[in-house]
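As given, the protein sequences belong to chains X and V, one line each in that order. Letter by letter, the first sequence follows residues 44 to 353 in the numbering used here. Letter by letter, the second sequence follows residues 11 to 248 in the numbering used here. Using N, Cα and C, we set each Cβ at its ideal position, and we do this for glycine too. To start, the structure itself, in structure tokens.
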Amino acid sequence: MDHLLQILVNGLSAGAVYALFALGYTLVFSVLGVINFAHGAVFTLGAYFTYLLIGGPVGANGALAGFRLPFALPFWLALAVAGLGAALVSLLVEATAFAPLRRQRSDPLLTLISSLGAGVVLVNLVQILMGAESYAIPAGTLAGLPAAVNLGGATVRTVQLLLMGIAALVLVVLTLWLERSRSGKALQAVSEDPLMARLLGIPAGSMIRLAFAISGFLAGVAGGLVGLSVSIAGPYFGIGFGLKGLGVLVLGGLGSVPGAVLGGLVVGLAEALVPAEFSGTKDGVAYAFLFLMLMLRPQGLLGRPQSSKV
Amino acid sequence: MSGTPLLALTGLAVRYGNVQALRELDLEMHPGELVALLGSNGAGKSTTLRAISRLVRPSAGGITWRGRPLARASTEGTVRLGIGHCPEGRRVLARQSVATNLELGAYLRRDRQGIRADLERCYERFPRLAERRGQRAGSLSGGEQQMLAIARSLMGRPELLLLDEPSLGLAPKLVAEVMAILAELRRDGLTILLVEQNALAALAIADRGVVLEAGSVSLRGSAAELLANDALRASYLG
């Protein structure tokens, strides 16, 4: 049964990443009703920021070859700063790919394309500056913490515990914020009825920027942690996570915060149950599972049934 | 009436594409007045309110608030100035609790104690909302939702309340209840611009009335004059 415990831990920690990803999508979706396709690129940048901030050097292929920051932050601080940097990038995406179209009152669906474009630009920028090679955040980075602990027969890497812990913490904090705080309630009002929210004096623009900043922060932190957990596999590595995060979002129920987390964990576990000798089929299994679940429950696990407004 | 009006519309016109929804509307509202804006569906009543709240841009004419043009205000800005807008269809936030709906009505206010006091006063005025304060607003009956929508607007302490069709879809007894509340608010000094299809109910509590027909004013006068007007009786009062 040790084996099963190991699968469980692996699945839950992978799922935690998907959950952080999907939470970012969910926040933006709930205020705008569209998907931010640049989200994966923001995640990528969070990973690169973290790598640079701990003092990692740029490889030989980028325009910045050999560059390294004149300082090296401890991992925790680097992760937090990278999260803030990703939040800024996310705000930049909002200002360039979303706000101009919104001001012209164009169809919100158009932002699917403009945000995709913003994401491609960001990823290419990373590739130009830092090359296409992969980067690894050294394992000894978690100063003072053991690399792994033994938990009832399963080897749990510390970073896996971190991922699960942070995802749980984010879920709790985000839920409390949305349900209890003035700004959280205002964000929900914008989500439910943007016109009424304006008539209540809630500035929609600020709420949208807030959603982008938080979602960018979450993506940046998730990127840094994945960089530590499995390395940064080149500028495009956020895209794959981004697609899966999108699946998770739909599985959990569009716009549902607990749904995003549950969906992430379910997909993570489904992947982890694929035996090692078939690991090449992991993505296929995850998406097939998604497909089946949606056949049974089109509104997602915790989503409200979609009623089309006539 | 003397002094600067609270709100003044001069030659206000709105068009949606090729459709002229409102033309040449002149209207002044003085503090403490209850004015009924009457007319059938599509006459331009809601459009007038939407223009005042800056949800639509006028194609011509102007709106002033205390003598100052509103032309550059945002919708949030009009709320901040003291214009509360309780829109058509109530638009309570169905997924939020009654209490949250009311709190959000006071979103722009920072005086915590004042908000709490107003919340208590609101629960006194609307005891049914007090009973259901923890429930989702979507679970309330139509009449209760209308009360909640009005109460939520009041939580913003507006000086002028724009009220769009509060009687719509309500049983006669509830219509009377809503109108009684509006009459009470007027007595307390609130200025109200009331859009209604139910002309009889609205004129019973209004000081003055303006009747719109296909975007233009067809009749205006004191409530008593309008109630005595044969043409109006024939077309709207049945």
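Given residue i, which residues of its chain have a CB within under 7 Å of its CB, disregarding the five upstream and five downstream residues?
i, result
"X/V192", "V199, T201"
"V/E206", "A46, L48, E175, S177, A212"
"V/E223", "G49, A53"
"V/E235", "none"
"X/A115", "I97, G98"
"X/A197", "D45, L48, Q49, V52"
"V/N239", "L229"
With DSSP as the reference, please indicate the residues paired to residue i in a beta bridge.
i, result
"V/E38", "V/A18"
"X/S322", "According to DSSP, which records beta bridges pairwise, X/S322 is partnered with nothing at all."
"V/L65", "Paired residues: none, contrary to the question."
"V/P79", "V/T74"
"V/G231", "V/G219"
"V/R250", "This structure does not reach residue 250 of chain V, given that chain V is present from 11 up to 248, and the question cannot be answered."
"V/A23", "V/A70"
Would DSSP call residue i helix, strand or coil?
i, result
"X/L237", "Residue identity differs from the one stated: residue 237 of chain X is Pro in this sequence, not Leu. Helix at X/P237."
"V/I215", "helix"
"V/S177", "coil"
"X/Y68", "helix"
"V/Q30", "strand"
"V/E223", "strand"
"X/S224", "coil"
"V/L44", "strand"
"V/R167", "coil"
"X/A108", "coil"
"X/A179", "coil"
"X/G306", "helix"
"X/R146", "helix"
"V/R162", "helix"
"V/R138", "helix"
"X/V52", "helix"
"V/A243", "Inspection of the sequence shows that residue 243 of chain V is occupied by Arg rather than by Ala. Helix."
"X/A276", "coil"
Within the continuous beta strand (DSSP E) that includes residue i, where are the two ends?
i, result
"V/D174", "170-174"
"V/T74", "70-75"
"V/G94", "93-96"
Is residue i close to chain V, meaning its C-beta is less than 7 Å from at least one C-beta of that chain?
i, result
"X/I245", "yes"
"X/V353", "Summary for X/V353: the model assigns pLDDT 39, below 50, so the residue's position carries little reliability, and this model does not support an answer."
"X/D150", "no"
"X/K287", "no"
"X/A232", "yes"
"X/E314", "no"
"X/K325", "no"
What is the residue span of the alpha helix (DSSP H) that residue i lies within?
i, result
"X/S258", "247-273"
"V/L204", "Run containing V/L204: none in the alpha helix (DSSP H); it sits in the beta strand (DSSP E), 201-206."
"X/Q200", "Here residue 200 of chain X is Arg; the residue named in the question, Gln, does not match the sequence. First-last for X/R200: 197-200, but that is the beta strand (DSSP E), not the alpha helix (DSSP H)."
"X/V192", "No alpha helix (DSSP H) contains X/V192, which is instead part of the beta strand (DSSP E) from 191-194."
"V/N111", "108-115"
"X/L135", "118-136"
"V/A190", "182-197"
"X/Q170", "153-173"
"V/R122", "122-135"
"X/F92", "82-96"
"X/F284", "280-295"
Enumerate in chain order the residues of its own chain whose CB-to-CB distance from residue i is below 8 Å, with the five nearest sequence positions on each side excluded.
i, result
"X/M250", "V74, S226, A229, L230, V233, A240"
"X/A129", "V85, F86, L88, G89, F92, G259, F260, A262, G263, V264, G266"
"X/L204", "S56, V192"
"X/L47", "none"
Here's a check: name, in chain order, each residue in its chain whose Cβ is nearer than 6 Å to the Cβ of residue i, leaving out the five neighbours to either side.
i, result
"X/A179", "S274"
"X/A315", "I50, N53, G54"
"V/E295", "Because chain V spans 11 through 248 in this model, residue 295 of chain V falls outside it and cannot be assessed."
"V/S63", "T85, T88, H95"
"V/S232", "R218"
"V/G248", "Note that V/G248 scores 49 on pLDDT, short of 50, meaning its location in the model is unreliable and no value can be drawn from it."
"V/Q155", "R100, V102"
"V/L91", "W75"
Under a CB-based cut-off of 7 Å, is residue i close to chain X?
i, result
"V/Y26", "no"
"V/V89", "yes"
"V/L118", "yes"
"V/E86", "yes"
"V/T110", "yes"
"V/L203", "no"
"V/L44", "no"
List, in chain order, every chain B residue whose beta-carbon is nearer than 9 Å to that of residue i.
i, result
"V/S63", "Any reference to chain B falls outside this structure, whose protein chains are X and V."
So does residue i have its beta carbon nearer than 6 Å to some heavy atom of the ligand GDP?
i, result
"X/S73", "Inclusion of the ligand GDP in the displayed structure is not the case, the ligand content being empty and no account of it being possible."
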